[in-house]
Amino acid sequence: MQSDKPTHRVQQDEDIAREALAHLDLVEPSAALLRRVARIPLDMSAPQPSGPMLGSFWTRALLGAALGLGVVCGALPWGGEDGAGDTTDTELESTLSAALSSDWAEADAVLEESL
Amino acid sequence: MTSASDPERELDVALFQRIAAGDALAFRELSNQHLTMILTYATRLLGNPTDAEDVAQETFLRAWQKAGTFQPRARARTWLLAMTHNLAIDRLRRRKVRREEPSAGDDEDLGPSSEEPARLLLRKLTALQVQRALNALPERQKMAILLVHEQGLSGAEGADVLGTTPEAVESLLARGRRTLRTLLEAEK
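Chains as they are written, first to last, in my numbering: chain A, 1 to 115; chain B, 1001 to 1188.
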């Protein structure tokens, strides 16, 4: 009997809350709001692409375009006018290729020479 | 809890697929089904009809734009209520406005016109008392009570909207109901 009291009280609280809220009327939208909502599909562009498939398609397309642009730019003879730059690039290239080759002694020699 | 094969959920998914494809009629169907519910919840939270209408419009604007992100496990009602909830909370935080008393506009629709004037007055007074008591509740308790007892969400759905656990919602509900009862008894 004693243990039923809190449960009974909780149930009463719930009943009272439900009954109280039943007294509140729903808020009906005004004519202006109905018009504003009805205009959304007319005023706005089409919904965003649905799901990750289309999203990844566009992401891939953008990445592909960026990579393609990079390849094209890389193939162009950008450094033709700057002779000093060419020399430095050549030295750097040979140093790097030597350093990356298996012949470390040769690489050290090249490094010393370049320094 | 409802199962994955819940017919209402399947209808919701189909409706959102149509909206995501740009079907304006499907969007109208969605707004016809849920606009009153969304506006009611926004009004209860914000206490200001103009702000509530703005939030309701913004909710449907986002629903149109983000229909493609609708998750099949969700229900339209819960999904929309979660958006409304977040928009209303943002607005409350931004403006730091205390909820106002319900305006005259909220009381215009008092139900069937055949009711006697005395009965209408009583009904209006009771509604005002309930609204006042609700407004006196801590915000989260009020939200939990509105979502579960007015909007008819389950505890789990209410938890989704509030961004918490079903257990936390149960706790909010228990405390909220207790306080509401005390407040309403004090009004008598």
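Where is the CB? At the ideal position from N, CA and C, for every residue including glycine.
- The beta carbons of A1127(B) and D25(A) sit about 7 Å from each other, so the pair counts as a contact at 8 Å.
- At a Cβ-Cβ threshold of 8 Å, G1163(B) and K1142(B) do not count as neighbours.
- Here DSSP, grouped into helix, strand and coil, assigns S1154(B) to coil.
- If the five residues before and after L1039(B) are omitted, its C-beta is found closer than 8 Å to the C-beta atoms of A1052, E1053 and A1056, all from its own chain and listed in chain order.
- At least one CB of chain A lies nearer than 8 Å to the CB of G1068(B).
- In the DSSP assignment, F1060(B) falls within the unbroken alpha helix (DSSP H) covering P1049 to Q1065.
- When C-beta distances to chain B are compared with 8 Å, the residues of the stretch 11–27 of chain A below that value are Q12, D13, E14, I16, A17, R18, A20, L21, H23, L24, D25, L26 and V27, in chain order.
- Per DSSP, reduced to three states, the secondary structure at G1022(B) is coil, with no helix or strand assignment.
- Nearest in C-alpha terms to E14(A), of all of R1178(B), L1183(B), G1155(B) and A1186(B), is R1178(B).
- Contact annotation, T1059(B) with L1080(B): C-beta distance approximately 6 Å; criterion of less than 8 Å satisfied.
- Boundaries cannot be given for L24(A), as no alpha helix (DSSP H) includes it and DSSP labels it neither H nor E.
- Residue-level contact by beta carbon holds for R1181(B) and chain A, with a gap shorter than 8 Å.
- The C-alpha of A1174(B) is placed about 16 Å away from the C-alpha of G1152(B).
- Residues of chain A with a Cβ closer than 7 Å to the Cβ of S1031(B) are, in chain order, V37.
- Taking all protein chains in view, the Cβ of L69(A) is surrounded by fewer than 16 other Cβ atoms within 10 Å, so the residue is classified as exposed.
- The beta carbon of L33(A) sits closer than 8 Å to some beta carbon of chain B.
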